[in-house]
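Participant: Numbering-wise (the numbering used here), the sequence shown opens with residue 31 and increments by one.
Note that beta-carbon positions come from the ideal geometry of N, C-alpha and C, so glycine has one too.
In this text the structure is predicted, and so the values were computed from the model without any measurement.
To start, I am sharing the structure in question, which I have written as structure tokens.
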Amino acid sequence: MQKNYNLAIGLKFCNILLFTIMSVLMITLGSKLPIIQISFLRVLFGCFVAYLYLLIIKQKISFSLAPKVLAAYILRAVLNFAALVLWVKALHLLGLNEASAVSYMVPIWTTLLATLFCGEKLNLKCAGAILISLIGMVIILKPDIYEFKVEGLIIAFASTLMWAGYDITCKKQTTTEHYMLQTFYTFMWSSIISFPFALYYWQPVEMIDIFDASIISVIGVTNVTVLFLSYKFAPITVLMPFSYCRLIFMGIASYFVYNIYPGSHLIIGACVIASASFYIFIEQKKGKLQVEAKS
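And the structure:
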């Protein structure tokens, strides 16, 4: 498989930006509708968006999948749905910055799982960047750690495990499945699995809610598509240090959307995280960062 680290890193940053926008929109819509209902509307509309795109690019859609492929898509859908619901709940309980900080266990779990299940070698420079980024996260968390709600912490931690499993399943399928087909099947199975739960919590929706859910769906489809592409062009162990930049994006969003001024601890921690990511970027530009998958 051809590697293109520059492209993969650029796609990873697009993924982080889109995820931040989607999180803010889901918090806004979540003040009016149940989280599970919002998640269902997102994946349902997203399924149609992905289907239309497949028709445009004339990509064949098969509903007769091999058992292993089908099982992988169902597993992805379950993990994605559960992680998203838990994530939005954690956002409500902890806030954007704090929930994002806890979510940075995802790169740790994902990196470890990638070495175990994807046959990727953990480059020492990548491992060091992850460790430094984790220190940056601790700097950001320290002033508010004792104000955390235990319920919010548990929910956020559970979402990190779900998303790590989701990332690994995605990575394993990027070598065999078309990136847009992955998006379509993931959203299709997510909508099927989440439907009974959404029906139980269903509340009347207005046209503005449908419009908001449609926008979130378009962003969601684009988000997972660029994520799949980034995994196609670079190993997970290379991309994981950049995942910590999400906290920087969330801090900026909190300032502009909710007028929450970032404290000195957030700025210092963000600088540490950004420095680690920049180091990895420079190393790969020099051609000194090669992470080969085991055959």
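Check whether the Cβ atoms of CYS44 and VAL254 sit closer than 8 Å, and answer yes or no.
Facilitator: no
Participant: Measuring alpha carbon to alpha carbon, tell me which residue in LEU85, ILE162, LYS202 and SER220 is nearest SER69.
Facilitator: SER220
Participant: So, is LYS262 buried or exposed, given that buried needs 16 or more other C-beta atoms within 10 angstroms?
Facilitator: buried
Participant: Counting only runs that start and end within the stretch 68-146, where is the alpha helix (DSSP H) found for 4 or more residues in a row?
Facilitator: Listed in chain order, the complete alpha helix (DSSP H) runs (minimum 4 residues) inside the stretch 68-146 are 97-124 and 126-132.
Participant: Given this structure, state the Cα-to-Cα distance separating ILE91 from LYS98, to the nearest angstrom.
Facilitator: 17 Å
Participant: To the nearest angstrom, how far is the alpha carbon of ASN36 from that of LEU211?
Facilitator: Spanning the two alpha carbons is a distance of roughly 24 Å.
Participant: Can you give the beta carbon distance from VAL136 to SER273, rounded, assuming they're within the 8 Å contact cut?
Facilitator: 7 Å
Participant: What number of angstroms, rounded off, separates the C-alpha of SER331 from the C-alpha of LEU154?
Facilitator: Past the boundaries of the shown model lies residue 331; the chain is included only from 31 to 325, so the question cannot be answered.
Participant: Apart from the five residues just before and just after TYR209, which ones in its own chain have a Cβ nearer than 8 Å to its Cβ?
Facilitator: Here the set comprises THR255, PHE258, LEU259 and LYS262.
Participant: Determine the contact status of SER247 and VAL79, defining contact as a CB-CB distance below 8 Å.
Facilitator: yes
Participant: For VAL251, I'd like the list of residues in its chain whose CB is within less than 8 Å of its CB, leaving aside the five on either flank, ordered along the chain.
Facilitator: Cβ neighbours of VAL251 beyond the five flanking positions: GLY76, VAL79, ALA80, TYR83, THR213 and PHE217.
Participant: Could you tell me the alpha carbon to alpha carbon distance between GLU181 and ILE87, rounded to whole angstroms?
Facilitator: 45 Å
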